[in-house]
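Counting from 1 along the sequence shown, just add 696 to a position and that's the residue number in my numbering. Backbone N, C-alpha and C define an ideal beta-carbon position, used for all residues, glycine too.
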Amino acid sequence: MGQVIVRNLDDKTIAALKAKAALHGNSLEQELREILAEAARPRPEERLALADRIRAMTPRKAQTDSTALVREDRDR
């Protein structure tokens, strides 16, 4: 697992994070892990934006109606 060092945090920020950790019954380190893990998860709009970017890379081709393909297969 990796490690991250965050320098120059305001003392008030650290105190607020410690208080939040205590409310949740966590150590400061565990609370920060959970905050960072939540922040790293893509939000729904970010997922949609990624899907749109991937879709834009895929050439557009006319799609064959699957009903027609099933009927064609049955007629063989």
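Which stretch, first to last residue, makes up the alpha helix (DSSP H) that contains residue i?
i	result
residue 714	707-719
residue 699	Element bounds for residue 699: n/a, residue is neither H nor E.
residue 771	First-last for residue 771: undefined, no H or E at that position.
residue 756	Unbroken run through residue 756: none, as it is neither H nor E.
Quick check: residue i and residue j, are their CB atoms within less than 8 Å of each other?
i	j	result
residue 727	residue 716	yes
Please work out which residues of its chain come closer than 7 Å, Cβ to Cβ, to residue i, disregarding the five sequence neighbours upstream and downstream, and give them in chain order.
i	result
residue 720	727
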